[in-house]
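First residue of the sequence shown: 1, per UniProt numbering; consecutive thereafter. Note that CB positions come from ideal geometry on N, CA and C, so glycine has one too. What follows is one structure encoded as structure tokens, with my remarks underneath.
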Amino acid sequence: MEHGGLAGPEQRARAVALGIPVTIQQPLLHDTAEVEEGFWGPERVARLFPARGWIDLGAQVSAGSDFPVGQFGAMRSVWGMTTRQTVIGVKGPEHAISYDEALTLHTVRAARLCGEENLRGTLAPGRLADLTIWDRNPARCPGDALRDLNPTHTFVGGLLVTPSGTR
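Take a look at the structure:
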């Protein structure tokens, strides 16, 4: 299920029971919360992209940016999933997840969704070495700093594809 952001508790439970994989795109909530509140109201917007609810149900859930509609930036998405911050403030903090959970949704779970869990998603011998090196350690920096991390190097298949300083 693409854009599993609007599914309510009963719909989420049905999707999990049926084994339907789900993707969520936190950058869409961040960027459009103000417009969405104008149409749907603050209560419904606070329930959008409920990562915590999907994870707690045991869903096959993964995450991404929905670029070019949403902002392209993995750590910005991870930051949004951990803080539930939007352009108009925090929305639905009960749906926030940990850094480790958000990272897993963007890596291991995304690879599994694409049927590539034996090729990518983790670093291991025999797998493609797709990785990004950041200007700071994302696992050790303050949560709010995640949104502003800058990649210094990006490797795809073990090959450097962006030099230092390129965004």
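| Asked | Found |
| --- | --- |
| Reference L105, options T23, G8, R12, T83, closest by Cα | T23 |
| One or two residues paired with G89 in a DSSP bridge | T86 |
| For P163 and V61, the rounded distance between their alpha carbons | 32 Å |
| CB contact flag (G157, A129, <8 Å) | yes |
| Where R120 falls, given that 16 or more other Cβ within 10 Å makes a residue buried | buried |
| Inter-residue Cα distance where the pair is L28 and L131 | 24 Å |
| Beta-carbon proximity of A51 to M81, cut-off 8 Å | yes |
| Length at least 4, wholly inside the segment 80 to 146: the alpha helix (DSSP H) runs in chain order | 99 to 106, 108 to 113 |
| Where I55 falls: helix, strand or coil (DSSP) | helix |
| Cβ neighbour criterion (16 or more within 10 Å) applied to Q25 | buried |
| Residue range of the unbroken alpha helix (DSSP H) whose run includes F39 | 26 to 40 |
| C-alpha gap between T107 and A63, whole angstroms | 8 Å |
| Cα-Cα separation, I20 to T122 | 23 Å |
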